Amino acid sequence: MKDEFVWGVATSAYQIEGGKFADGKRASIWDEFCKRKNKIQHNHKGDHACDFLYHYKNDIQLLKHLGIDNFRFSISWPRVIPFGDGFINHKGLDFYDRLVDECLKNDINPWITLYHWDLPHALELKGGWTNRDIISWFNRYTEVVAKKLGDRVKNWMVLNEPVVFTGAGYYLGVHAPGRKGESNYFPALHHTAICQAQGIKTLKELIKDSHVGTTFSCSHISPMNANSEKDIIAVNKVDALINRLFVEPLFGYGYPIHELPFLSRLEKYMLPGDNKLIKATPDFIGIQNYTREVVKHSIIQPVLKAKIVDAKSRNVESTVMNWEVYPESIYEMIKKFNSYRHISKIYVTENGAAFKDEVNSNGEINDEKRIKYLRDYIGQVLRAKEEGMKINGYFLWSLLDNFEWSEGFAPRFGIVHVNYKNQKRTIKNSGYWYSDFIKQIKLEEMEKQKQTLQEVMSVSEQDF
Ligand code: FCB
Numbered sequence: 006m007k008d009e010f011v012w013g014v015a016t017s018a019y020q021i022e023g024g025k026f027a028d029g030k031r032a033s034i035w036d037e038f039c040k041r042k043n044k045i046q047h048n049h050k051g052d053h054a055c056d057f058l059y060h061y062k063n064d065i066q067l068l069k070h071l072g073i074d075n076f077r078f079s080i081s082w083p084r085v086i087p088f089g090d091g092f093i094n095h096k097g098l099d100f101y102d103r104l105v106d107e108c109l110k111n112d113i114n115p116w117i118t119l120y121h122w123d124l125p126h127a128l129e130l131k132g133g134w135t136n137r138d139i140i141s142w143f144n145r146y147t148e149v150v151a152k153k154l155g156d157r158v159k160n161w162m163v164l165n166e167p168v169v170f171t172g173a174g175y176y177l178g179v180h181a182p183g184r185k186g187e188s189n190y191f192p193a194l195h196h197t198a199i200c201q202a203q204g205i206k207t208l209k210e211l212i213k214d215s216h217v218g219t220t221f222s223c224s225h226i227s228p229m230n231a232n233s234e235k236d237i238i239a240v241n242k243v244d245a246l247i248n249r250l251f252v253e254p255l256f257g258y259g260y261p262i263h264e265l266p267f268l269s270r271l272e273k274y275m276l277p278g279d280n281k282l283i284k285a286t287p288d289f290i291g292i293q294n295y296t297r298e299v300v301k302h303s304i305i306q307p308v309l310k311a312k313i314v315d316a317k318s319r320n321v322e323s324t325v326m327n328w329e330v331y332p333e334s335i336y337e338m339i340k341k342f343n344s345y346r347h348i349s350k351i352y353v354t355e356n357g358a359a360f361k362d363e364v365n366s367n368g369e370i371n372d373e374k375r376i377k378y379l380r381d382y383i384g385q386v387l388r389a390k391e392e393g394m395k396i397n398g399y400f401l402w403s404l405l406d407n408f409e410w411s412e413g414f415a416p417r418f419g420i421v422h423v424n425y426k427n428q429k430r431t432i433k434n435s436g437y438w439y440s441d442f443i444k445q446i447k448l449e450e451m452e453k454q455k456q457t458l459q460e461v462m463s464v465s466e467q468d469f
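Heads up, the sequence shown is in my numbering, so the first residue is 6 and it goes up one at a time.
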């Protein structure tokens with residue numbers, strides 16, 4: 006299995022599990038954030054979501070039925086350690102134990118993300134990611150999960166998209182925990198970078214034969230006007246902020262201070278030796294790409310002097326998230342990270358699209374736009390693979406329609422439709438398409454291997 010190209014789907018705990026206070030779980034920052042008026046579209050909340058906690062066996066059968074044998078899911082920290090620190094909730098931990106066994110029983114490889122944004126609320130009350138104590142809280146959580154599941158689970162990811170959860174949650178205040186401004190952002194950013202590296206080291210230390218990585222959001226950045234020098238400078242700044250901010254310190258290049266001088270303010274939160282603490286050697290990185298960004302120079306943004314021009318105002322094809330459909334972006338991102346000498350393996354750990362799904366009179370969901378999107382993006386992934394880049398797998402976001410953070414339940418990303426009233430699952434045509442695609446590509450792979458084997462055999466026969 007080690008070097009086989011893997012095909013899978015991705016999910017995350019808060020977006021699908023439900024069971025808000027089931028079996029001793031306590032609140033996460035998302036449970037709290039959803040209680041605040043008008044923070045989430047239609048004031049939706051993830052109390053029930055897809056009730057995956059109760060439907061996981063059925064959902065694993067869906068994976069099996071579709072022939073998808075790699076499943077990325079995350080652990081809810083407050084389900085396992087309800088107050089973040091302190092006592093372990095064995096009932097919560099047992100859920101993941103059963104989930105892992107259910108995957109293995111059905112020949113599905115589990116890929117676990119430790120942190121997909123649902124910090125225990127009790128820790129947020131102590132400052133959350135802004136408090137340096139998070140380093141020891143997070144490390145203990147990592148140890149607890151690794152010791153319980155590490156005998157069976159080998160594929161691990163430490164964080165999901167640190168740029169997004171620190172930026173949206175601690176600078177812009179549009180994601181949980183809804184904090185704003187530099188005095189929250191800078192310490193949160195630095196402590197996250199330390200935990201990212203520490204988590205990798207701890208998992209590798211505790212789990213034999215582990216395969217450990219961490220994930221990054223990324224987008225290809227184009228200038229609004231390719232002939233404008235100022236727009237090109239803006240591109241480099243936005244690229245440093247959204248594509249390089251956490252990758253480079255991890256691999257020993259430090260924070261991208263040259264393009265983003267304001268990052269020197271991080272020094273206030275750095276202790277001697279921290280430059281070492283933010284470094285680690287993961288076995289792979291996960292990249293998550295949906296779109297590209299187009300930027301232009303702007304004096305209204307005094308710090309960055311750059312502005313993102315959204316898809317709607319450019320009048321280009323886009324998804325319901327107002328994200329431009331731009332398949333080459335995923336190729337460009339693989340190419341970008343492929344060029345880092347220290348990165349040995351890349352997986353696309355998320356890619357997918359939300360479109361308005363129409364259920365037809367036969368109850369079928371013919372989501373042609375999603376199929377086209379997937380075909381084109383996957384085509385670009387395979388292009389990178391054929392060119393010999395270090396790309397090793399692809400995880401589609403997402404298995405199920407789910408709770409899309411501040412957008413609530415309206416955007417549907419699933420290849421399986423979820424009726425939130427009765428939790429009925431219906432495989433969309435994109436689900437069948439992905440299933441056929443995987444089967445076909447595996448067949449071709451087998452044919453190729455057979456052919457190579459035959460060639461090798463005939464050469465060795467001639468030798469005799
Ligand atoms: C990514 C998140 C994931 C999901 C997709 C659409 O940024 O990691 O949880 O919301 O976007």
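Where is the CB? At the ideal position from N, CA and C, for every residue including glycine. None of the values given here were measured: they were computed from a predicted structure.
Assigned secondary structure, residue i (DSSP; H/G/I helix, E/B strand, else coil)
i, result
"H263", "coil"
"I339", "helix"
"A311", "strand"
"A285", "coil"
"R417", "coil"
"Q293", "strand"
"Y258", "coil"
"K190", "Reading off the sequence shown, one finds Tyr at residue 190, where the question assumed Lys. Looking at Y190 - three-state DSSP - the assignment turns out to be helix."
"H195", "helix"
"I117", "strand"
"M162", "strand"
"T135", "helix"
"V330", "coil"
"Y176", "coil"
"K350", "coil"
"V325", "coil"
Close Cβ partners of residue i (< 7 Å) along its chain, the five nearest in sequence each way excluded
i, result
"I140", "H196, I199, C200 and Q203"
"K25", "D36 and D52"
"A173", "V179 and H180"
"T324", "V330, A358, A359 and F360"
"F38", "K44, A181, P182 and G183"
"Y169", "It is Val, not Tyr, that sits at residue 169 in the sequence shown. If we look at V169 and ignore the five residues flanking it on each side, its Cβ neighbours are S222."
Buried or exposed by the 16-neighbour rule on C-beta atoms within 10 Å, applied to residue i
i, result
"E355", "buried"
"Y258", "exposed"
"F289", "buried"
"H60", "buried"
"M6", "Note that M6 scores a pLDDT of 45, beneath 50, so its modelled location is shaky; the value from the coordinates is reported in the next line. So M6 counts as exposed."
"S465", "exposed"
"M338", "buried"
"N273", "The amino acid at residue 273 is misidentified as Asn; the sequence shows Lys. K273 is exposed by the Cβ-count criterion."
"V461", "exposed"
"S344", "exposed"
"P83", "buried"
"D468", "exposed"
"P277", "exposed"
"V300", "buried"
"G245", "Strictly speaking, residue 245 in this sequence is Ala, with Gly absent from that position. Buried, because 16 or more other Cβ atoms sit within 10 Å of the Cβ of A245."
"L130", "exposed"
Short Cβ contact (8 Å threshold) for residue i with residue j
i, j, result
"R77", "T171", "no"
"I383", "F342", "no"
"V364", "V386", "no"
"F251", "P125", "no"
"S370", "G72", "For clarity, residue 370 is Ile in the given sequence; the question names Ser instead. Against a cut-off of 8 Å, the Cβ pair of G72 and I370 comes out as no contact."
"A151", "F88", "no"
"W328", "T286", "no"
"I420", "K433", "yes"
"D381", "D372", "no"
"C223", "N248", "yes"
"S269", "N294", "no"
"V105", "L154", "yes"
"A311", "A239", "yes"
"D74", "D112", "yes"
"V1", "L401", "Absent from the structure is residue 1, since the part of the chain shown begins at 6 and ends at 469."
"H422", "D406", "yes"
Own chain partners of residue i with C-beta closer than 8 Å, once the 5 adjacent residues on each side are dropped
i, result
"Q46", "S411, E412, G413 and A415"
"V149", "V85, I86, I93 and L98"
"N63", "R430"
"S33", "Y19, S81, W82, P83, D123, L124, P125, H126 and A181"
Neighbourhood of residue i by C-beta, 6 Å cutoff - its chain only, sequence neighbours within 5 removed
i, result
"E9", "none"
"G79", "According to the sequence as given, residue 79 is Ser; it is not Gly. Within the same chain, S79 has close Cβ partners S17, A18, T118 and H121."
"H216", "K159, N160 and D288"
"L164", "Y120, Q201 and T219"
- Quick one: which unbroken beta strand (DSSP E) runs of 3-plus residues sit fully inside the stretch 7-85? Chain order, please. 11-15 and 75-79
Within the stretch 355-440, note down every full alpha helix (DSSP H) run reaching 4 residues or more, in order along the chain.
373-391
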